[in-house]
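Sequence lines, in order, name chains A and B. Letter by letter, the first sequence follows residues 64 to 287 of our numbering. Letter by letter, the second sequence follows residues 64 to 287 of our numbering. C-beta atoms are modelled at their ideal positions from N, C-alpha and C, and glycine is treated no differently. One structure below.
Protein chains: 2
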Amino acid sequence: MSQALVVLSGGQDSTTCLYWALQRFGVGQIEAVTFDYGQRHRRELDCAARVAARAGAPQTVLPINTFAALGGNALIDAGIPVQDGVNAQTRLPNTFVPGRNLIFLTFAAAFAYPRGIRHLVTGVAQTDYSGYPDCRQATLQTLEQALRLGMEYEITIHAPLMFKSKADTVRLASELGALPALADTHTCYNGVYPPCGECPSCQLRARGFAEAGLVDPLLALNVV
Amino acid sequence: MSQALVVLSGGQDSTTCLYWALQRFGVGQIEAVTFDYGQRHRRELDCAARVAARAGAPQTVLPINTFAALGGNALIDAGIPVQDGVNAQTRLPNTFVPGRNLIFLTFAAAFAYPRGIRHLVTGVAQTDYSGYPDCRQATLQTLEQALRLGMEYEITIHAPLMFKSKADTVRLASELGALPALADTHTCYNGVYPPCGECPSCQLRARGFAEAGLVDPLLALNVV
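Structure, rendered in structure tokens:
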């Protein structure tokens, strides 16, 4: 029986969290869940599988077809450009899927429950949250309480990157020996490989590595 | 723009809530969302559509394929008998889908958000909750707070049946003029029509009507 379940997207942050969980809970004590929610960049799913395999963590992919049915979001709907700015009503980026992390963590808890897993680990961060309110500490604390009440089950949500800058996250990855795994991750909002280097997501990642004084293994591999 | 969104399952309680919402928010001010989550009794979806149409409420059916992928539950998995008692680990009925109402309400909120709908209505009740912790008042209050924080959006969850017995719910349906609509609803856990009359769900419904001194229109229609 595993102790912890990591919500693994195939990105830099959740990959770093997978290694954080390996160190915290021990080899053989963690597994990963990845959501196939119709993300426009299917490459993320391949990245998540490779990251989990490299770390020796059993991985389960759970489908969620509901976000695509809700529609209207640039992360899912290929007809909506990512960099079209913010939603006029909400003033949030058009990559905001309302409640996405609430749904991910609730399904993760539903997966953990029959398996007796008491710890969920997520890579969300308040520091670089880009306006996403479901990535904030207060949201996660309240959701944790809702999950405990709603499932009558003592479960804890860990968000080890919550207050870290991207540079600190890179440093943590380095300390945890997770840098090689970051070569398998996916960050670019435009879904291209090698990464476009120009979208906000690529730029945020690049600044993090630059400030930490480390080379991004994803880019290092792509030097021709 | 509607004011309220009713989570409509096609059952007695959510149908009563639809009429509660009609009275509270007014004709033309409500709509319904129904989740197609792989319920083994597809008849529920037909019931929900008929109930919504009769009430003149626009209905959206949203798919959720995740519960079926999680597996191991009698309400979804046709291979598991409903009346096999309780789960050995959790001591909850094997019809308990961990976090089901948390997921339903979170997706309902995600649907409501871009539409500017500020009120969610659910038919869950603490009184007859059959051991389901996600039907309790404390759970809904905490979830409401998580939704408000996680979407940065003032939304209110209404559960008008929360502390009502089944008999009181029947009386409320009568007062609201919802009794005819109850002929279109579905209750039986065994999914048969006319209802089996023997499963816990049929018996609970029958006791409610008996205590309220009213005839269940679902059964009245089935007198041969």
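Under 8 Å from the C-beta of residue i: neighbouring residues of chain A
| i | result |
| --- | --- |
| T169 (chain B) | G162, L165, I166, T169 |
| L125 (chain B) | T129, A132, L133 |
| A118 (chain B) | Residues of chain A passing the Cβ test: none, with the nearest at roughly 23 Å. |
| T190 (chain B) | Those within 8 Å of T190 (chain B) in chain A number zero; the least Cβ separation is about 17 Å. |
| R113 (chain B) | None at all; the shortest Cβ gap to chain A is about 22 Å. |
Paired residues, beta bridge with residue i - DSSP
| i | result |
| --- | --- |
| L183 (chain B) | B:L68, B:I220 |
| E94 (chain B) | B:L68 |
| P126 (chain A) | A:D99 |
Element boundaries [alpha helix (DSSP H), containing residue i]
| i | result |
| --- | --- |
| A215 (chain A) | The sequence given here has Glu at residue 215 (chain A), not Ala. Neither: E215 (chain A) is in no alpha helix (DSSP H) and is coded neither H nor E. |
| S294 (chain B) | The structure shown does not extend to residue 294 (chain B), since chain B spans only 64 to 287, so no value can be given for it. |
| C251 (chain A) | It is not in any alpha helix (DSSP H) - C251 (chain A) carries neither H nor E in the DSSP assignment. |
| P177 (chain B) | 163-178 |
| R106 (chain B) | 106-118 |
| P280 (chain B) | 280-283 |
| L235 (chain A) | 229-238 |
| Y82 (chain B) | 75-88 |
| P196 (chain B) | Here P196 (chain B) belongs to no alpha helix (DSSP H), and DSSP marks it neither H nor E. |
| P243 (chain B) | 242-245 |
Proximal chain B residues relative to residue i, where beta-carbon distance stays under 8 Å
| i | result |
| --- | --- |
| P196 (chain A) | L212, G213, M214, E215 |
| F289 (chain A) | Coverage of chain A is limited to positions 64 through 287, which leaves residue 289 (chain A) absent and any answer about it impossible. |
Under 9 Å from the C-beta of residue i: neighbouring residues of chain A
| i | result |
| --- | --- |
| R105 (chain B) | Under the 9 Å cutoff, chain A gives no residues; its nearest Cβ is about 17 Å from R105 (chain B). |
| R181 (chain B) | Correct list: empty, because the minimum Cβ distance to chain A is about 13 Å. |
Interface residues of chain B facing residue i [CB-CB closer than 7 Å]
| i | result |
| --- | --- |
| T205 (chain A) | T205, Q208, A209, L212 |
| R270 (chain A) | Going along chain B, no residue has its Cβ under 7 Å from R270 (chain A), so there is no contact; the nearest lies around 26 Å. |
Chain A contact residues for residue i, given Cβ-Cβ distances below 7 Å
| i | result |
| --- | --- |
| T202 (chain B) | A209, L212, G213 |
9 Å Cβ cut-off: residues of chain B touching residue i
| i | result |
| --- | --- |
| R87 (chain A) | Chain B residues near R87 (chain A): none, gap ~24 Å exceeds 9 Å. |
Members of the region 208-234 of chain A that neighbour chain B once the beta carbon cut-off is set at 8 Å: So the list reads Q208, A209, L210, L212, G213, M214, E215, Y216, given in the order they occur along the chain.
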